[in-house]
Amino acid sequence: MTHCRIDKVNELSCGQQVLQSELPVLVVVWCDGTDQRLFGMLEDWAPQVRSRLKVFELDAGRSPGIAERFGLPPAPGLALFRGGALCYQFLGNASQQELDEVLARATLPLSML
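Numbers in this note's numbering are just positions in the sequence shown, counted from 1, shifted up by 1239.
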């Protein structure tokens, strides 16, 4: 499945796209059965936050080793990286309020996380 406005990341690109990013990065980990409403919210939300946060999707079924290697939550889930380190995880399908909380966390100083 391709979600039109959310870039994909995989085991080969995760290091460069996520861990080496100067901006905070939200990785949406999904698998078959993930609530598609989450992607609708993310597709609406991602362009609004693009200047402050990168958003990527990861199909856990196609990259099963990446969760362990990079400390990602099981699917479905959200992982927020800052400065190459995992700083926040959310397990399950997120609501709009929870996505807004992730954005707030992405812009807080690291010492406040």
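Using N, Cα and C, we set each Cβ at its ideal position, and we do this for glycine too.
If you follow the beta strand (DSSP E) that residue i is part of, which residue opens it and which one closes it?
i     : result
D1298 : K1293 to D1298
R1321 : G1316 to R1321
At which residues does the alpha helix (DSSP H) containing residue i begin and terminate?
i     : result
G1279 : Q1275 to V1288
A1324 : Here A1324 belongs to no alpha helix (DSSP H); instead the beta strand (DSSP E) covers A1324 to L1330.
R1301 : First-last for R1301: undefined, no H or E at that position.
For residue i, which three-state DSSP category applies?
i     : result
L1342 : helix
L1265 : strand
C1270 : coil
Q1336 : helix
Q1259 : coil
G1254 : helix
A1306 : helix
So, are the CB atoms of residue i and residue j less than 8 angstroms apart?
i     : j     : result
S1334 : K1293 : no
Q1256 : V1248 : yes
L1325 : R1344 : no
E1296 : I1245 : yes
P1303 : L1330 : no
C1253 : I1305 : yes
R1289 : T1346 : no
A1314 : A1299 : yes
L1258 : G1316 : no
Quick one: measure Cβ to Cβ for residue i and residue j, integer angstroms, because I've assumed they're closer than 8 angstroms.
i     : j     : result
F1277 : V1341 : The amino acid at residue 1277 is misidentified as Phe; the sequence shows Leu. With a Cβ gap of about 12 angstroms, L1277 and V1341 do not count as contacting.
R1321 : P1263 : 5 angstroms
List the DSSP bridge partners of residue i.
i     : result
D1246 : F1295
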